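Protein sequences appear in the order of chains A and B.
Under the working numbering, the first residue of the first sequence is numbered 1, with each subsequent residue one higher.
Under the working numbering, the first residue of the second sequence is numbered 1001, with each subsequent residue one higher.
Below is one structure; the comments refer to it alone.
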Amino acid sequence: MIKLVKEKIKDIELTKAYSEQLIALAKENAMIVDLEADVGNCIFGPEFQKVFPERYLDLGICEQSLSSISAGISAVGMIPFCHTFAVFASRRMCDQNYISCAYAKNNVKIVGSAPGISSGENGGTHHANEDIALMRPITDITIMEPADSAAMRWAVRKAAATFGVFYIRAERYGQEKLYEDDSEFEIGKANVLREGNDVTIIAEGNLMIKASLDAAEILAGKGVSACVIDIFTIKPIDAEMIVKSAKETGAIVTVENHSITGGLGSAVAEVLCESFCGVPMKRIGIPNRFGEVAQPEELQKVMHMTPEDITEAAMSVIAGKK
Amino acid sequence: MRTGDIKELEILAQKSRRNVLRMIRANGSGHLGPAYSCIDIVTALYFHGMDVDPKNPEKADRDIFLLSAGHKGMAQYAVLAEAGFFDKSILDTFGQFKSPIPGHPDMHKLAGIEANTGSLGHGLNLACGIALARKQDGLKSRVFVITGDGELAEGSNWEAAAIAAHYGLDNLVLFVDHNGLQISGQTKDVMSFEPVADHFGGFGWKTKEIVGNDMKEIVSAFDAVPFEKGKPNLVVANTVKGKGFSKAENQVDYHYWKPSTEDMALAEKELAAKIAELEK
């Protein structure tokens, strides 16, 4: 069961939480290996290397190989975690993720960092705005976006203990903690962060969850009660909670650090359509445009992903209720 | 099962070619040229070079073979059938729904298949992963891979070439089925990666060049592995695409073959004559 923190606590970087948890797990399980494609301390691979030099492989800037070699390592019983930036983990590695990892039923854990606008100053080349869209159709893959360090640690433990291909999305910067460290999550189970009756805001990732919670506060000031949900697992998605909440509030806004095409918004819309749950819905996320250089906070404004934008979308869907 | 008798291996290779024809007859078409090109090497792998057991195909310390050029899959099925990994009646299911021998190999459908290949440029990387794992777990088994020469245009192969050398994977043996042809024409005209041995050698591989349809040369290459401690092994196997059917040899049009009744009869007749000659 999840336990929400009751006060503001600054969180560590999610990639740091990933690295620390992987090292802890590797101490318990000799089959865990860490592979990377020359991203160094951006994802803290060298920390793993210090403790387990013989179980750490830097393959150089060879992301296609990162995926297939991880698949090969897993084929003979080891548990590879391979990490790189989300742009490369998805776009560059797509065919290898599909064929060598998933289609071949190998046991590979792919970690992509700095997705969407969280890659800020690196500009459009490094903004993974479609990594979920590329990963989501892959059969049997599990996609998680842990929104804080507690969720990340749980996700890494769960991925290691569960056979199959996982994609874990890791925002670059930690913001505020959401969950107590001893929280227990579930794959395919979303988490309600704030109860509400008038509109449901379904969000993913720390950046957009923070914006959604801020929007809920703004809405409260307008007399609107907003339910805020951390989707946590994008595949499998918690269809039960989506439908239940849609029926309770009658209006949905999705909020994602990703293109509004193919990601969380699309996944939620698919659920609502096939549940004959015709409630008003809007998607907040990166619109049909390439990434641009700016700090994440600035990009939130440029891409219309601020608390104010979410608030406006919420008011719009509420107005659209029959 | 393993033998060093060249004539015996040659007979097994021809009987494997007969299995290929059986699959093409069942389906009505198939990648004849690529399968025939590498089938002598695949025969030598299973009957001479590798430590594998058809009765215990998953034994932990077995040697592992990955057919990176998955479209040559009929060659592997043909040899596996000849080696007793499965009943030959399965050859007649080629191309059918739920067949364990799809157009490109699937490790979850048939014992003896070790990878899902077909998207070119994956196999050498998978093999690097297995070879790296074997270095860690201490098992002595080796990893063998066959790629096509046209396949070398996939850049991921060159990532793997560097990685294998960087990590000193002397338990990895790559055969490049160097027949000089691909779908669109001659490899040297479509996209040349010549000289293949020099390129891999430049990365730090130890290389050999052989006639890849000459069983004696293939066996000698196997017997020389590892070529040098601490270096991955490359065999550039100069082969003839379609080797074993006179009309198909060195003919790009036989990359994928949809035979007429007459052509199939001719291919079978030529093969029967070769087998009879060898068995004299």
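Think of the CB as a built atom: it goes at the ideal place given N, C-alpha and C, for glycine as much as any other residue.
Just so it is clear, the structure is predicted and the values come from calculations on it, not from any experiment.
When you compare the CB of ALA1197(B) with every CB in chain C, is at least one pair closer than 9 Å? Considering every chain present, this structure includes no chain C. Its protein chains are A and B.
Selection from LEU1021(B), ILE1064(B), VAL1196(B) that minimises the alpha carbon distance to GLY1148(B): Your numbering for residue 1148(B) matches position 148 in the second sequence. Ranking the options by Cα distance to GLY1148(B), first place goes to VAL1196(B).
Flag this pair as yes or no: are the beta carbons of PRO1105(B) and GLN1076(B) separated by less than 9 Å? As a working note, residue 1105(B) is residue 105 in the second sequence. As a working note, residue 1076(B) is residue 76 in the second sequence. Contact: yes.
Counting contacts by CB-CB distance shorter than 9 Å, is GLN1136(B) in contact with chain A? For this step, residue 1136(B) is matched to residue 136 along the second sequence. Cβ-Cβ to chain A under 9 Å: yes for GLN1136(B).
If you run the structure through DSSP and keep just helix, strand and coil, what is MET144(A)? As a working note, residue 144(A) is residue 144 in the first sequence. It is a strand residue.
In angstroms, rounded to a whole number, what distance separates the CA positions of LEU326(A) and ASP34(A)? What the structure shows of chain A is the stretch from 1 to 322, and residue 326(A) is not part of that stretch, so it cannot be assessed.
Let me know the beta strand (DSSP E) ranges lying completely inside the stretch 13 to 42 of chain A, each 3 residues or longer, listed in chain order. 32 to 36
Can you look up PRO115(A) in the DSSP assignment and give me helix, strand or coil? The residue labelled residue 115(A) in the question sits at position 115 within the first sequence. Note: PRO115(A) maps to strand in three-state DSSP.
Applying the criterion that 16 or more other CB atoms from any shown protein chain within 10 Å of the CB defines a buried residue, is SER119(A) buried or exposed? In the first sequence, counting from the first residue as 1, residue 119(A) sits at position 119. When all chains shown are included, SER119(A) counts as buried.
Could you check how far apart the C-beta atoms of THR1043(B) and LEU1091(B) are, in whole angstroms? I think they sit under 8 Å. For this step, residue 1043(B) is matched to residue 43 along the second sequence. For this step, residue 1091(B) is matched to residue 91 along the second sequence. Between THR1043(B) and LEU1091(B) a beta carbon distance of about 16 Å is seen, past the 8 Å cut, so the two are scored as non-contacting.
On the premise that SER275(A) lies in contact with VAL243(A), defined as a C-beta separation below 8 Å, what is that separation, rounded to the nearest angstrom? Numbered from its first residue, the first sequence carries residue 243(A) at position 243. Numbered from its first residue, the first sequence carries residue 275(A) at position 275. VAL243(A) to SER275(A), Cβ: 5 Å. Contact.
Straight-line gap, ASP95(A) to PHE166(A) (C-alpha atoms, nearest Å): Start at 1 with the first residue of the first sequence, and residue 95(A) comes out as number 95. Start at 1 with the first residue of the first sequence, and residue 166(A) comes out as number 166. Distance between the alpha carbons of ASP95(A) and PHE166(A) is about 15 Å.
Chain A contact residues for GLU1159(B), given Cβ-Cβ distances below 7 Å: Counting from one through the second sequence, the residue named residue 1159(B) turns up at place 159. Going along chain A in sequence order, the residues near GLU1159(B) (Cβ under 7 Å) are CYS62, GLN64, SER65.
Going by C-alpha to C-alpha distance, which of ARG169(A), SER245(A), VAL253(A) sits closest to ALA114(A)? To locate residue 114(A), count along the first sequence from 1; it is residue 114. Ranked by Cα distance from ALA114(A), the options ARG169(A), SER245(A), VAL253(A) are led by ARG169(A).
Using Cβ-Cβ distances below 9 Å, what residues of the stretch 258 to 269 of chain A are close to chain B? none
Are the C-beta atoms of PRO80(A) and some chain B residue less than 9 Å apart? On the first sequence, residue 80(A) is found 80 positions in, with the first residue counted as 1. So yes, PRO80(A) belongs to the interface.
So with Cβ pairs under 9 Å, would you call HIS1048(B) a contact of chain A? Residue mapping note: residue 1048(B) aligns to position 48 of the second sequence, counting from 1. With 9 Å as the cut-off, HIS1048(B) does not count as an interface residue toward chain A.
Can you check whether the C-beta of GLU1082(B) is within less than 9 Å of a C-beta belonging to chain A? Locating residue 1082(B) in the second sequence gives position 82, where the first residue counts as 1. Output row for GLU1082(B): interface = no.
Quick one: Cα of LEU207(A) to Cα of LEU1234(B), how far? By one-based count along the first sequence, residue 207(A) stands at place 207. By one-based count along the second sequence, residue 1234(B) stands at place 234. If you take the alpha carbons of LEU207(A) and LEU1234(B), they lie about 49 Å apart.
As a quick exercise: from ASP11(A), GLU28(A), THR125(A), ILE79(A), pick the residue whose alpha carbon is nearest that of GLU376(A). The displayed coordinates of chain A run from 1 to 322. Any statement about residue 376(A) would go beyond what the structure contains.
How should ASP182(A) be labelled, buried or exposed, when 16 other C-beta atoms within 10 angstroms of its C-beta is the threshold for buried? Walking along the first sequence from the start, residue 182(A) turns up at place 182. Exposed is the call here.
Compile a chain-ordered list of the residues in the stretch 223 to 241 of chain A whose CB is closer than 9 Å to at least one CB of chain B. none
Using DSSP with H/G/I as helix, E/B as strand and the rest coil, what is ILE79(A)? For this step, residue 79(A) is matched to residue 79 along the first sequence. Here ILE79(A) sits in strand by DSSP.
Near ALA86(A), what residues of its chain come up, given a Cβ to Cβ distance below 7 Å and the 5 sequence neighbours on each side ignored? For this step, residue 86(A) is matched to residue 86 along the first sequence. Once the five neighbours on either side are set aside, the close Cβ partners of ALA86(A) are GLY112, SER113, ALA114, PRO115, ALA128, ASP131, ARG169.
MET1074(B) - DSSP class collapsed to helix/strand/coil: Within the second sequence, the letter at position 74 stands for residue 1074(B). Here MET1074(B) sits in helix by DSSP.
Count the other CB atoms within 10 Å of the CB of PHE1222(B); is the residue buried (16 or more) or exposed (fewer)? Translated into positions along the second sequence, residue 1222(B) becomes position 222. The residue in question, PHE1222(B), is buried, as its Cβ has 16 or more Cβ neighbours within 10 Å.
Name the one or two DSSP bridge partners that HIS1178(B) has. Numbered from 1 along the second sequence, position 178 holds the residue referred to as residue 1178(B). ASN1238(B).
Should GLU121(A) be labelled buried (16 or more other beta-carbon atoms within 10 Å of its own) or exposed? On the first sequence, residue 121(A) is found 121 positions in, with the first residue counted as 1. Per the 10 Å Cβ criterion, exposed.
Please report the straight-line C-alpha distance between GLY263(A) and SER1099(B), rounded to a whole angstrom. The sequence position of residue 263(A) within the first sequence is 263, counting from 1. The sequence position of residue 1099(B) within the second sequence is 99, counting from 1. C-alpha separation (whole angstroms): 35 Å.
For HIS1031(B), count neighbouring C-beta atoms within 10 Å of its own C-beta (all shown protein chains included) and say buried if the count is 16 or more, exposed if not. The sequence position of residue 1031(B) within the second sequence is 31, counting from 1. With 16 or more other Cβ atoms within 10 Å, it is buried.
Name the residues in the stretch 95 to 127 of chain A whose C-beta lies less than 7 Å from a C-beta of chain B; which are they? ASP95, GLN96, ILE99, SER100, TYR103, ALA104, LYS105
Is the number of C-beta pairs between the stretch 180 to 199 of chain A and the stretch 2 to 11 of chain A that are closer than 8 Å three or more? Yes, they touch.
Tell me the DSSP bridge mates of ASN191(A)? As a first step, residue 191(A) is located in the first sequence; it is residue number 191 there, counting from the start. ASP230(A).
Contained alpha helix (DSSP H) runs [length at least 4] in the stretch 1147 to 1215 of chain B, N- to C-terminal order: DSSP runs (the alpha helix (DSSP H)) wholly in the stretch 1147 to 1215 of chain B: 1156 to 1166, 1187 to 1190, 1196 to 1203.
Considering only the beta carbon of each residue, do ILE1183(B) and TYR1256(B) sit closer than 9 Å? Translated into the one-based positions of the second sequence, residue 1183(B) becomes position 183. Translated into the one-based positions of the second sequence, residue 1256(B) becomes position 256. Yes, the pair counts as a contact, with Cβ atoms nearer than the cut-off.
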